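Asks: Using the working numbering, the first residue of the sequence shown is number 0, and each one after it goes up by one.
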Amino acid sequence: MCDRTKLIEYIGKTASSVIGIGNPPLGVALYAATELSQILFSFSEGRSQIRGKKVVSFLEEAMRFIENEIEDIDQAFLEGEYFIEVLEKIFIKVANNTSEYKKDIFKQIFRNEIKRSTPNGLSATFLNIIPELDDIEIKMLKYISENQLPLIIGSENNWINVEKIKEHLINIGIDQAIIDERFEMYLYDLKFKGLLSNQELIGIENIRVTPLSEGLIKYIKAE
0 MCDRTKLIEY IGKTASSVIG IGNPPLGVAL YAATELSQIL FSFSEGRSQI
50 RGKKVVSFLE EAMRFIENEI EDIDQAFLEG EYFIEVLEKI FIKVANNTSE
100 YKKDIFKQIF RNEIKRSTPN GLSATFLNII PELDDIEIKM LKYISENQLP
150 LIIGSENNWI NVEKIKEHLI NIGIDQAIID ERFEMYLYDL KFKGLLSNQE
200 LIGIENIRVT PLSEGLIKYI KAE
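Quick look at the structure:
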């Protein structure tokens with residue numbers, strides 16, 4: 000069983016240390032006499048406050064989750080090096096995040112990790128990938144992962160046609176103008192990052208997620 004009070008205190012201390020990362024650089028503070036340095040100092044201080052508010056807001060939701068939903072947790076696991084590193088990384092990503100969609104993803108990951116009893120060796124990789132993706136790119140990966148069939152060599156039925164992906168994006172409310180302007184860039188970016196593979200036929204392009212993408216989506220969903 001888990002000591003909730005101890006866990007909450009522990010997570011709070013970790014969040015406080017992360018907020019401190021955003022403090023104004025000492026070099027700027029020492030030379031704040033010049034006008035430019037004063038501007039830089041004010042900017043850095045303001046950014047620090049914004050990051051701090053994001054982490055505090057995230058922390059408040061995390062505390063409610065622990066108090067209301069958590070009953071049985073592996074205390075030894077949570078006190079281990081893996082969970083410490085993952086928790087710090089989650090708070091750092093939250094502090095620098097500007098997307099509500101990705102904030103919800105980080106909340107889900109936090110919930111998944113706090114219930115875990117064994118490490119996920121790719122957690123650091125996945126947590127580094129998420130901030131590098133646009134919200135729409137993540138939605139594309141989720142759709143493809145959920146709809147592609149198991150890969151059978153020589154079959155075209157286990158790939159997703161790019162037009163189907165466009166239709167899905169429109170159906171979930173993505174603006175047509177954004178799709179027209181950015182869709183090809185999203186495809187290129189996801190392929191460049193090793194998250195999509197493609198099959199090009201005459202006048203047709205089919206897509207499927209890579210094993211790395213499948214691992215990322217499962218990590219988010221805690222499958």
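For glycine and all other residues, C-beta sits at the position ideal for the given N, C-alpha and C.
Here the structure is a predicted model, which means the values were calculated and not measured.
1. Please name the residue, chosen from Gly193, Leu168, Lys192, that lies closest to Arg181 on a Cα-to-Cα basis.
2. Would you call the stretch 80 to 93 in contact with the stretch 118 to 132, where contact means no fewer than 3 C-beta pairs closer than 8 angstroms?
3. Any heavy atom of the ligand ZN closer than 7 angstroms to the Cβ of Tyr185?
4. May I ask you to report which of helix, strand or coil DSSP gives Gln107?
5. Can you name the residues that DSSP bridges to Ser196?
6. Do you know offhand how far Asp133's Cα is from Thr97's?
7. Do you know offhand how far Ile137's Cα is from Tyr100's?
8. Hey, how far is the Cα of Ser56 from the Cα of Gln198?
9. Would you say Val208 and Gln147 are within 8 angstroms of each other, going by their C-beta atoms?
10. Which of the three DSSP states, helix, strand or coil, is assigned to Asn160?
11. Considering only their Cβ atoms, is the gap separating Leu195 from Ala177 smaller than 8 angstroms?
Replies: On the basis of the supplied data:
1. Of the candidates Gly193, Leu168, Lys192, the one whose C-alpha sits nearest the C-alpha of Arg181 is Leu168.
2. Yes, the stretch 80 to 93 is in contact with the stretch 118 to 132.
3. In the structure on display, the ligand ZN does not appear, and there are no ligands present to speak of.
4. DSSP places Gln107 in helix when its eight states are reduced to three.
5. According to DSSP, which records beta bridges pairwise, Ser196 is partnered with Arg207.
6. Computed Cα separation, rounded: 11 angstroms.
7. If I take the Cα positions, the gap works out to 10 angstroms.
8. In a straight line, the C-alpha of Ser56 is about 44 angstroms away from that of Gln198.
9. Yes, the pair counts as a contact, with Cβ atoms nearer than the cut-off.
10. In the three-state DSSP reduction, Asn160 falls in the strand class (E or B).
11. Looking at the sequence itself, residue 177 is Ile, so the reference to Ala does not match. Taking 8 angstroms as the Cβ cut-off, Ile177 and Leu195 do not qualify as a contacting pair.
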